[in-house]
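Colleague: To start, I am sharing the structure in question, which I have written as structure tokens.
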Amino acid sequence: MAQAYREAMINVDGSALDHVELSVEAPFTVADLSEAGAALRQLAETPALRRVLVVVESIGLPKPKALWEDLKLTPLITHIRWVALVTDIEWYAHLSELAGALWPSLTIKHFEPSDADAALAWLTAQSDT
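Rendered as structure tokens:
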């Protein structure tokens, strides 16, 4: 029996030179997180990872193993300086603000989905100096 194709629900796009785009939509699997983590690790030493545009459509309720996989990505935060978070999920935006407070070198700014263009503009305007 042929397996059905399933598009990853966490996508990492590192094709831009000045930022990385990350999109999340539930339901995502541990494999999705693993693949996204591998892609982010490959970008760790590039200047693009300093700026990350995160678009969260939906988050769902991750399984414990998926949460563990997510926690394993924490060391990558040292490579990230600015995050433009695009979501209308209020609790997720507040949680992200808390993460920004825990890492003083990380600036996270929340944008509504209708302001996605402004999020990218803000992100790419951040100077490395």
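Plus 37 on top of the position in the sequence shown (first one is 1) and you've got our numbering. Here a beta-carbon is modelled for each residue, glycine too, at the ideal position from N, C-alpha and C.
(1) So, are the CB atoms of W254 and V89 less than 9 Å apart?
(2) Mapping the DSSP letters down to three states, classify K146 as helix, strand or coil.
(3) Where DSSP assigns a beta bridge to D50, which residues make up the other side?
(4) Please name the residue in V92, D69, S71 whose C-alpha comes closest to that of L58.
(5) Quick one: what's R88 bridged to in DSSP?
Modeller: Quick answer:
(1) Because the chain is modelled from 38 through 166, residue 254 falls outside the range shown and cannot be assessed.
(2) Taken through DSSP and simplified to helix, strand or coil, K146 comes out as strand.
(3) E58
(4) Note that residue 58 is Glu in the sequence shown, not Leu. Minimum Cα distance to E58 is reached at V92.
(5) According to DSSP, which records beta bridges pairwise, R88 is partnered with W119.
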